[in-house]
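Protein chains: 2
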Amino acid sequence: MQYGYFDDENKEYVITRPDTPTSWSNYLGSTEYGAIITNNAGGYGFYKSGAQGRFMRLRFNAVPMDQPGRYFYLRDRASGDYWSASWQPVGKPLSEYRSTCRHGTAYSVITSEYSGITSEATYFVPLGQLFEYWKLKVTNTGTAPRSLSAFSYCEFTNQWNTSQDQVNLQYSLFIVKGEKAADNLLRYSIHDNLYIQHPEWAEGGGFMHEWVALVGAPMTGYDTAREAFIGTYGSYKEPQAVINGKCTNSNAYGDNSCGSVETEIELQPGETKELMVMVGIGDANAVGKKVLAEYGSIARADEELAKLKKQWHSELGSFKAETPDEDINHTANMWGLYNNLITFAWSRAASLVYNGERDGLGYRDSVQDVLGVCAAIPEETEARLVRMLSGQVACGGAIPVIRIDHDPGHEKSPKPEEFRSDDCEWFFNAVPNYVAETGNLDFYNKIVPYADSGEATVYGHLKQALLFNLEREGADGLPAGLQADWNDCLNTGYHGESIMVTFQLRLGLTTFCRYF
Amino acid sequence: MQYGYFDDENKEYVITRPDTPTSWSNYLGSTEYGAIITNNAGGYGFYKSGAQGRFMRLRFNAVPMDQPGRYFYLRDRASGDYWSASWQPVGKPLSEYRSTCRHGTAYSVITSEYSGITSEATYFVPLGQLFEYWKLKVTNTGTAPRSLSAFSYCEFTNQWNTSQDQVNLQYSLFIVKGEKAADNLLRYSIHDNLYIQHPEWAEGGGFMHEWVALVGAPMTGYDTAREAFIGTYGSYKEPQAVINGKCTNSNAYGDNSCGSVETEIELQPGETKELMVMVGIGDANAVGKKVLAEYGSIARADEELAKLKKQWHSELGSFKAETPDEDINHTANMWGLYNNLITFAWSRAASLVYNGERDGLGYRDSVQDVLGVCAAIPEETEARLVRMLSGQVACGGAIPVIRIDHDPGHEKSPKPEEFRSDDCEWFFNAVPNYVAETGNLDFYNKIVPYADSGEATVYGHLKQALLFNLEREGADGLPAGLQADWNDCLNTGYHGESIMVTFQLRLGLTTFCRYF
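These protein sequences, in sequence, are chains A and B. Be aware that the first sequence starts at 24, since it is given in my numbering, and climbs by one per residue. Be aware that the second sequence starts at 24, since it is given in my numbering, and climbs by one per residue.
If you want it as structure tokens, here you go:
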């Protein structure tokens with residue numbers, strides 16, 4: 024079955040039919056403001072940490088799959104018929120409805136064609152910003168004038184701690200407030216006194232607040248309370264407000280919140296209109312209004328999109344291969360590196376399968392992740408290597424997860440039974456690769472602290488990694504598997520041995536013989 | 024708005040319209056096999072612990088609300104029209120569809136009327152058993168013969184640890200197996216090697232296995248894989264198998280699983296037919312077949328329902344008040360006590376708001392919970408009081424959650440900063456009440472171990488509770504609030520004081536003066 028193709032020139036993957044066997048996701052934003060979006064506009068958002076900064080909600084492994092997300096609903100005011108600007112969540116029959124999705128470099132464009140109306144929704148986070156643009160272009164391709172209503176929808180979490188948001192309902196269902204802050208601006212605040220994992224985040228005024236704005240069209244209605252928009256027994260497929268053709272202007276107060284703004288669009292035959300929704304974190308009054316004043320125009324959004332593309336395309340230009348196999352070229356020149364860069368940035372903080380309840384960098388993952396990006400971002404690579412080396416403890420083992428607030432020199436060492444056997448051996452893949460790519464041989468002499476106490480050169484760190492496994496032999500003299508080798512399901516402790524780590528150790532020893 | 028009424032004679036609450044503003048839940052089963060069901064057949068199930076034994080899945084705070092559950096879908100084979108035997112999940116317009124729900128004493132009966140067909144679904148867990156009956160009676164009230172298909176649906180968890188089931192998708196989506204075990208029997212097994220909190224549960228053969236059986240009608244099809252039944256972009260409202268009129272006979276293997284059996288029902292005008300689905304835990308071959316042989320008939324189910332009602336009605340007969348206020352009578356004579364008995368059994372393990380991720384008895388909750396049930400179940404009350412007293416540590420404070428595998432005399436004491444100030448003061452409500460109700464004055468002399476070490480009479484335990492708070496004064500000589508007083512959001516530590524606990528302490532001291 025063919026669902027799409029690579030568009031090399033635009034560096035996009037084009038999904039030509041929306042009913043893919045599973046959701047196809049793309050990444051927007053940065054390590055500061057992360058967002059995931061699928062070919063059906065499902066997805067979520069987080070500030071710094073998928074675990075502690077989750078502000079926009081998706082339900083994992085739910086039915087229907089991968090909902091909610093960043094939706095536009097369109098409604099014909101004459102007939103009452105409505106659809107969404109992505110195939111889901113309304114899901115009109117594909118005999119009458121067409122949709123494509125272009126997943127680009129940190130932006131996605133979803134188009135729809137239905138009943139003589141086409142739409143184009145463009146989603147991205149501008150470089151260095153803590154908000155996202157949802158730009159919508161609507162065209163009347165028919166021969167008669169059309170009167171439409173458009174509604175946005177996303178769902179905010181009740182607590183930014185994603186685990187608490189899911190389970191602590193006796194608390195989290197009573198701490199949200201949503202209200203209108205200006206003619207075109209909605210304000211959301213969470214009054215959470217219990218689970219503030221990163222109080223330092225509050226300083227910028229961004230934490231536990233969101234805002235939604237409508238640009239380029241008057242806001243004729245809004246809903247900040249989920250149930251008011253969806254209806255008591257409603258669904259994303261059939262939201263009550265869209266059925267009624269009218270938001271209820273609800274102010275959430277101890278409910279679930281949602282971000283819905285409503286406007287009306289009159290279209291002559293052939294006419295196109297543009298409008299834009301902006302969603303960001305921070306207090307609507309303190310932050311949202313400022314952002315709106317500077318970024319709140321479609322012209323500015325277009326500029327920002329151009330800047331974003333330029334930046335990404337330049338990073339992705341660090342390597343170019345031409346082989347007789349088109350698919351190898353796609354991977355080597357664009358999609359492999361693109362995905363490596365995202366994985367480097369987010370570690371396993373977020374995907375559609377990994378829920379992102381981990382608040383930091385998984386050790387072995389993150390050491391491996393530098394391999395694919397050395398050439399594209401050498402400086403960030405070195406900084407990450409230093410950070411991971413500073414997560415090694417003096418005995419040579421490592422802390423399994425390097426937290427966001429990692430404090431080298433002052434961390435507690437894992438207990439003997441908590442060590443993984445493979446963690447630090449991955450440096451023998453990562454460090455020589457970084458040095459070979461950059462020529463920075465001096466990196467081996469750089470002094471880096473251990474996580475618990477003391478310090479050593481990078482060379483000393485690597486030596487300690489070898490000693491760690493040499494000193495932890497199992498019954499036959501091979502490295503013990505400890506709490507896990509690469510395989511998290513294998514806990515062989517201090518007796519059972521790991522062939523995997525044996526080969527890693529051999530690579531490490533060989534590397535040492537060759538270089539030093 | 025009127026949604027229902029009390030049926031005193033049958034000890035049932037009758038919900039006469041299904042579109043209640045929020046779900047209305049009832050409790051089935053016991054502390055061993057717990058089940059929750061709503062007026063729209065939403066709900067879930069757990070073995071012993073809502074946290075570690077969750078085998079049937081509900082999604083909390085989702086859209087649409089309180090799905091999935093224990094569904095019957097009915098489909099007219101001539102027209103292709105289909106509905107559910109509860110209003111949701113299909114949700115036919117209430118102008119054409121009627122439904123009532125009778126929430127009784129550990130059973131619920133949901134009826135439907137639609138397009139000349141009535142149905143009556145009766146759900147309950149027989150006394151002392153680890154399975155549930157879903158009995159379905161279908162009647163043709165029209166003048167022409169009808170050919171229907173019926174489908175069951177429930178969703179099993181991928182891991183019985185409910186937190187893991189929700190978040191560990193990179194693992195849990197690959198460990199489930201569903202298959203046909205006999206002509207009328209489906210078998211489910213989970214191959215989870217990582218999160219087995221209670222290995223002792225495996226001994227009975229029940230852990231991490233479920234079975235579904237169809238009784239009273241031939242199984243013409245089945246699905247054990249969720250996506251096969253629901254469809255890739257499908258929903259509980261519009262499952263693909265029901266739309267198609269045919270299950271796919273899917274064997275889940277590393278998917279999400281579901282319990283769907285299909286049968287055909289031919290009905291002459293006025294004719295009624297009965298069939299039954301049974302869902303239980305344990306291996307289908309080792310346990311399911313044995314249960315089926317003994318309990319797998321509608322006649323037996325009817326007997327079991329009669330026994331269940333008799334047992335509950337007798338327990339509920341421990342107290343009878345007649346006041347001029349009907350609503351006080353309902354509460355005092357039936358619903359207050361019924362709910363108290365459930366709360367006593369499950370503590371906060373399960374409800375529609377409390378997700379049940381706690382694996383044990385919350386201290387203050389459970390000490391309070393005995394108050395309402397002393398007269399109805401005095402022996403269980405005494406046993407519970409002893410269990411809670413054995414969760415007090417020798418210094419007089421308590422362990423905040425008494426785990427299922429609580430081991431008096433060998434538990435670690437909470438750290439100073441972990442104590443709640445109110446926990447043990449609740450005994451001054453609970454113990455005198457139990458003694459007054461039963462006349463068992465000797466209870467004060469019963470010797471009960473402390474959680475950590477040593478033992479004392481019940482009198483000694485109570486004295487230690489008073490000393491605990493007397494010895495932990497705040498700045499003004501009142502009891503310090505510690506980690507929390509009754510209010511979990513108030514952490515006043517060892518400096519700030521609690522007026523709440525001051526009054527508790529006063530009650531305790533007064534009680535001591537009066538009795539001793």
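Don't be surprised by glycine CBs; every beta carbon is placed ideally from N, CA and C.
Beta-carbon proximity check, Gln182(A) vs Tyr218(A), cutoff 8 Å: The residue labelled residue 182(A) in the question sits at position 159 within the first sequence. The residue labelled residue 218(A) in the question sits at position 195 within the first sequence. Taking 8 Å as the Cβ cut-off, Gln182(A) and Tyr218(A) qualify as a contacting pair.
Exposure label - Glu250(B); buried when at least 16 CB within 10 Å: Here the question's residue 250(B) lines up with position 227 in the second sequence. The residue is buried, with at least 16 neighbouring Cβ atoms inside 10 Å.
Range of the contiguous alpha helix (DSSP H) that encloses Lys200(B): For the purposes of this step, residue 200(B) is taken as residue 177 along the second sequence, with counting starting at 1. Run containing Lys200(B): none in the alpha helix (DSSP H); it sits in the beta strand (DSSP E), Val199 to Ala205.
Residues sharing a beta bridge with Ala248(B), DSSP: Reading the second sequence from its first residue, position 225 is the one you call residue 248(B). BP columns for Ala248(B) point to Ser280(B).
Coarse secondary structure for Lys486(B), derived from DSSP in three states: By 1-based counting over the second sequence, the position of residue 486(B) is 463. Here Lys486(B) sits in helix by DSSP.
Closest residue to Lys34(B) among Asn62(B), His336(B), Phe197(B) and Thr123(B) (Cα-Cα distance): Stepping through the second sequence from its first residue, residue 34(B) is reached at position 11. Ranking the options by Cα distance to Lys34(B), first place goes to His336(B).
Stretch pair the stretch 452 to 462 of chain B + the stretch 424 to 441 of chain B: three plus CB contacts closer than 8 Å: no
Contacts that Leu192(B) makes with chain A (C-beta to C-beta distance below 8 Å): Position 169 of the second sequence, counting from 1, holds the residue named residue 192(B). Going along chain A in sequence order, the residues near Leu192(B) (Cβ under 8 Å) are Phe83, Asn84, Val376, Tyr377 and Asn378.
Run of the beta strand (DSSP E) containing Trp369(A), from where it starts to where it stops: For the purposes of this step, residue 369(A) is identified with residue 346 of the first sequence, where counting begins at 1. Note, Trp369(A): premise wrong, no beta strand (DSSP E); alpha helix (DSSP H) at Gly359 to Trp369.
Cα-Cα separation between Ile304(A) and Phe154(A), rounded to whole angstroms: Here residue 304(A) corresponds to residue number 281 of the first sequence, with the count starting at 1. Here residue 154(A) corresponds to residue number 131 of the first sequence, with the count starting at 1. Ile304(A) and Phe154(A) have their alpha carbons spaced roughly 6 Å apart.
Val113(A) to Ser175(A) span [Cα, whole Å]: One-based indexing of the first sequence puts residue 113(A) at position 90. One-based indexing of the first sequence puts residue 175(A) at position 152. Between Val113(A) and Ser175(A), the C-alpha separation is close to 13 Å.
Ile140(A): first and last residue of the uninterrupted beta strand (DSSP E) it sits in: Locating residue 140(A) in the first sequence gives position 117, counting from the first residue. That run of the beta strand (DSSP E) goes Ile140 to Phe147.
Asp475(B) vs Lys435(B) beta-carbon contact at 8 Å: As a working note, residue 475(B) is residue 452 in the second sequence. As a working note, residue 435(B) is residue 412 in the second sequence. Contact: yes.
Cα-Cα separation, Asp188(A) to Thr180(A): Within the first sequence, residue 188(A) is the residue found at index 165, counting from 1. Within the first sequence, residue 180(A) is the residue found at index 157, counting from 1. The alpha-carbon atoms of Asp188(A) and Thr180(A) are separated by roughly 6 Å.
Chain B contacts made by the stretch 109 to 125 of chain A, where a contact means CB separation under 7 Å: Gln111 and Gly114
Chain-ordered neighbours of Asp42(B) on chain A, where CB pairs are closer than 8 Å: In the second sequence, residue 42(B) corresponds to position 19, counting from 1. Ordered by position in chain A, the residues that pass the 8 Å Cβ test against Asp42(B) are Thr255 and Tyr256.
Proximal residues of chain B, C-beta to C-beta of Tyr259(A) below 8 Å: As a working note, residue 259(A) is residue 236 in the first sequence. Ordered by position in chain B, the residues that pass the 8 Å Cβ test against Tyr259(A) are Val86.
Contact list for the stretch 275 to 306 of chain A against chain B, Cβ threshold 9 Å: Asn279
Below-8 Å beta-carbon distance, Asn510(B) vs any chain A residue: Taking the second sequence and counting its residues from 1, the one referred to as residue 510(B) is at position 487. Interface residue (Cβ-Cβ distance to chain A less than 8 Å): Asn510(B) is not classified as such.
Arg529(B), DSSP secondary structure in three states: Against the second sequence, residue 529(B) aligns to sequence position 506. Three-state DSSP puts Arg529(B) in a helix.
Host alpha helix (DSSP H) of Ser389(B) (start-end): Against the second sequence, residue 389(B) aligns to sequence position 366. Start and end: Tyr386 to Asp392.
Gln263(A) at chain B interface by Cβ criterion, 8 Å: For the purposes of this step, residue 263(A) is taken as the residue at position 240 of the first sequence. Chain B contact via Cβ: absent.
Chain-ordered neighbours of Gln189(B) on chain A, where CB pairs are closer than 8 Å: Here residue 189(B) refers to the residue found at position 166 when the second sequence is read from its first residue. In chain order: Phe83, Asn84, Gln189 and Asn378.
Rounded separation between Asn274(A) and Phe197(A) - CA only: Counted from its first residue, the first sequence places residue 274(A) at position 251. Counted from its first residue, the first sequence places residue 197(A) at position 174. Approximately 13 Å, taken between the alpha carbons.
Exposed unless 16 or more other CB atoms sit within 10 angstroms - verdict on Lys333(A): Your numbering for residue 333(A) matches position 310 in the first sequence. Answer is exposed; the Cβ neighbour count stays below 16.
Own chain partners of Trp509(B) with C-beta closer than 6 Å, once the 5 adjacent residues on each side are dropped: Here residue 509(B) refers to the residue found at position 486 of the second sequence. Excluding positions up to five away in sequence, the list reads Asp445 and Met523.
Meets three-Cβ-pair contact criterion under 8 Å: the stretch 231 to 245 of chain B and the stretch 206 to 214 of chain B: yes
Residue nearest to Phe526(B) in terms of C-alpha spacing, selected from Asn492(B), Tyr517(B) and Glu119(B): Against the second sequence, residue 526(B) aligns to sequence position 503. Among Asn492(B), Tyr517(B) and Glu119(B), the Cα nearest to that of Phe526(B) belongs to Asn492(B).
The stretch 223 to 251 of chain B: positions lying closer than 9 Å to chain A by Cβ: Flagged, chain order: Arg249 and Glu250.
Entirely enclosed beta strand (DSSP E) segments - the stretch 119 to 182 of chain A, minimum 3 residues: Counting only runs of 3 or more, we get 121 to 126, 130 to 137, 140 to 147, 154 to 163 and 169 to 176.
Coarse secondary structure for Pro439(B), derived from DSSP in three states: Here residue 439(B) is taken as the residue at index 416 of the second sequence, counted from 1. Helix at Pro439(B).
8 Å Cβ cutoff met for Gln81(A) and Ala129(A): Looking up residue 81(A) in the first sequence gives position 58. Looking up residue 129(A) in the first sequence gives position 106. The sequence shown places Leu at residue 81(A), not Gln. Not a contact, by the Cβ cut-off of 8 Å.
Limits of the alpha helix (DSSP H) - the one that Asp350(A) falls within: Locating residue 350(A) in the first sequence gives position 327, where the first residue counts as 1. Glu349 to His353 is the span of the alpha helix (DSSP H), which, as asked, contains Asp350(A).
Host beta strand (DSSP E) of Asp30(B) (start-end): Position 7 of the second sequence holds residue 30(B). Element bounds for Asp30(B): Gly27 to Asp30.
Residues bridged to Pro472(A) [DSSP beta-bridge criterion]: Along the first sequence, one-based indexing puts residue 472(A) at 449. The partner list for Pro472(A) (beta bridge, DSSP) reads Glu478(A).
Same chain, Cβ closer than 6 Å to Ile213(B), neighbours up to 5 away in sequence not counted: Counting from 1 along the second sequence, the entry for residue 213(B) is found at position 190. So the qualifying residues of the chain are Ile198, Val199 and Met231.
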